[in-house]
Amino acid sequence: MAEEQNVNPGMSPEEVAAAQFQIQKLYVKDVSFELPNAPEVFQEQGQADVKMSLAQRVEDMGETLHEVVLTVTVTATLGEKTAYLAEVAQAGIFLISGFPEQATHAVMNTLCPSTLFPYARRAISGLVAEGGFPPLTLQPVNFDQLYTQRMQELASSQQGQAPAAQGNGTGDFSTEN
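Given below as structure tokens:
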């Protein structure tokens, strides 16, 4: 199932027709759930402070195939104690071809993690519930906005030099719920 994506409005109709984005495989690469202070943590009162961080890694598997791994880490604390730590590395193999180099980089850092995040979010929610805590609903993440911010930061840190946006996409992001 090929999906044409016009991530670069400057692409000609011929370039758009040649561009392909296909999901080849989605899978969980790694899962971890820790309760370092159990069973005492279940006697604690109060609302847990929940923090989420995201990391992404892209590995080339050939000319047009890329493995993208989105790691979602959720840490909940009650006071000074860690209530739980849940981490899911959700991965996918994606065929990305026919895009200009910069658009390929954007697809790997926006469309791929946007595809993976709902699966990781569901896995995290299940881990937390099975760990004995109230259900956790992680808010959606705007990977387009994160990518734009990261590229702007990179451009400003290079003081006018062209951003190195053609390499593999990697990144770390943090949010609080």
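Take 2 as the starting number for the sequence shown in my numbering and just add one per residue.
For every residue, glycine included, the Cβ atom is placed at its ideal position computed from N, Cα and C.
Computed from a predicted model, the values in this text were never measured in an experiment.
For residue j and residue i, the rounded distance between their alpha carbons
{"i": "ALA19", "j": "PHE100", "result": "8 Å"}
{"i": "ASN110", "j": "TYR85", "result": "28 Å"}
{"i": "LEU66", "j": "GLN150", "result": "26 Å"}
{"i": "SER54", "j": "ARG122", "result": "12 Å"}
{"i": "PRO141", "j": "THR72", "result": "15 Å"}
{"i": "ASP31", "j": "GLU154", "result": "30 Å"}
{"i": "ALA56", "j": "VAL129", "result": "20 Å"}
{"i": "GLU68", "j": "LEU117", "result": "11 Å"}
{"i": "LEU36", "j": "THR83", "result": "8 Å"}
{"i": "GLN21", "j": "GLU81", "result": "49 Å"}
{"i": "GLN23", "j": "PRO135", "result": "36 Å"}
{"i": "MET152", "j": "GLU102", "result": "15 Å"}
Nearest-angstrom Cβ-Cβ length linking residue i and residue j, presumed shorter than 8 Å
{"i": "GLN25", "j": "LEU137", "result": "That pair is no contact at about 30 Å."}
{"i": "TYR120", "j": "LEU27", "result": "6 Å"}
{"i": "SER126", "j": "GLU88", "result": "Contact flag wrong, Cβ pair sits at about 13 Å."}
{"i": "GLU45", "j": "LEU79", "result": "4 Å"}
{"i": "VAL42", "j": "ARG58", "result": "That belief does not hold up - the Cβ atoms of VAL42 and ARG58 are roughly 31 Å apart, past 8 Å."}
Nearest neighbour of residue i, chosen from the options [CA to CA]
{"i": "GLN91", "options": "VAL42, HIS106, SER115, THR83", "result": "SER115"}
{"i": "VAL51", "options": "VAL70, GLN23, ALA77", "result": "ALA77"}
{"i": "MET62", "options": "LEU128, SER98, LEU36, GLN46", "result": "SER98"}
{"i": "ALA107", "options": "VAL75, PHE144, GLY47", "result": "PHE144"}
Short CB-CB distance (under 9 Å) between residue i and chain C
{"i": "TYR28", "result": "Looking for chain C here will not work: only one protein chain is present."}
Buried versus exposed call for residue i [16 or more other C-beta atoms within 10 Å across all chains shown]
{"i": "VAL29", "result": "exposed"}
{"i": "GLY133", "result": "exposed"}
{"i": "ALA39", "result": "exposed"}
{"i": "GLY47", "result": "exposed"}
In chain order, each alpha helix (DSSP H) run of at least 4 residues that lies wholly inside the stretch 47-90: none
Going residue by residue through the stretch 105-139, where are the continuous alpha helix (DSSP H) segments of at least 4 residues, counting only ones entirely within it? 112-131
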